[in-house]
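Novice: I have a structure here, written as structure tokens, and I will follow up with some questions on it.
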Amino acid sequence: MSGGGGKIEQRVVLTRQEAARWLHQLATALENGGTADVALVGPTVALNLPEEFEVELELEPYGEKIELEFELVWPNDRGEPSSDRPRTSVAAPTPLR
1 MSGGGGKIEQ RVVLTRQEAA RWLHQLATAL ENGGTADVAL VGPTVALNLP
51 EEFEVELELE PYGEKIELEF ELVWPNDRGE PSSDRPRTSV AAPTPLR
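Residues in the sequence shown are numbered consecutively from 1, following full-length UniProt numbering.
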């Protein structure tokens, strides 16, 4: 991740199709490896993608809402992105709200 070590949290409302498109772009970036520039809204974060991830899936109902969390964990590679590795942009469309 580029920049400092602070937490970045982004929250937007997307249509089902927009969310699917964003997740598809993220899946393509994971498949390609290299570096992914990821954002929903606000600052883009450059992530150096490894070959393996620890994956966690959590599903929690909260009254009238359901929360689905998908988490990828990997060692922090603080090196600069290599120019010979692929670079993919993963950004959501303009959010509805």
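Cβ atoms here follow ideal geometry from the backbone N, Cα and C, with glycine treated the same way.
Could you pull the DSSP bridge partners for residue 37 from this structure?
Specialist: On the sequence shown, residue 37 is found 37 positions in, with the first residue counted as 1. 46, 89.
Novice: Does the separation of the CB atoms of residue 84 and residue 50 fall below 8 Å?
Specialist: By one-based count along the sequence shown, residue 84 stands at place 84. By one-based count along the sequence shown, residue 50 stands at place 50. No.
Novice: Decide if the segment 10 to 18 is in contact with the segment 31 to 41; the criterion is three or more beta carbon pairs, one per stretch, under 8 Å apart.
Specialist: Touching, yes, given that three or more Cβ pairs across the two stretches are closer than 8 Å.
Novice: Within the same chain, show all residues whose beta-carbon is closer than 7 Å to that of residue 3, passing over the 5 residues directly before and after it, in chain order.
Specialist: In the sequence shown, the residue the question calls residue 3 occupies position 3. Note on residue 3: pLDDT 46, under 50, position unreliable in the model; no value is reported.
Novice: Sort 24, 29, 71 by Cα distance to residue 57 and report the nearest one.
Specialist: Translated into positions along the sequence shown, residue 57 becomes position 57. When only C-alpha atoms are compared, the closest one is 71.
Novice: Is it buried or exposed, residue 29, if we count other Cβ atoms within 10 angstroms and call 16 or more buried?
Specialist: Numbered from its first residue, the sequence shown carries residue 29 at position 29. That one is buried.
Novice: Is residue 23 helix, strand or coil by DSSP?
Specialist: The residue labelled residue 23 in the question sits at position 23 within the sequence shown. Three-state DSSP puts residue 23 in a helix.
Novice: For residue 53 and residue 17, I'd like the C-alpha separation in whole angstroms.
Specialist: In the sequence shown, residue 53 corresponds to position 53, counting from 1. In the sequence shown, residue 17 corresponds to position 17, counting from 1. Distance between the alpha carbons of residue 53 and residue 17 is about 26 Å.
Novice: Hey, quick one: how far does the beta strand (DSSP E) through residue 70 stretch, first residue to last?
Specialist: For the purposes of this step, residue 70 is taken as the residue at position 70 of the sequence shown. Element bounds for residue 70: 65 to 73.
Novice: In or out: residue 68 buried (at least 16 other Cβ within 10 Å) or exposed?
Specialist: On the sequence shown, position 68 is the one that residue 68 refers to. Exposed, because fewer than 16 other Cβ atoms sit within 10 Å of the Cβ of residue 68.
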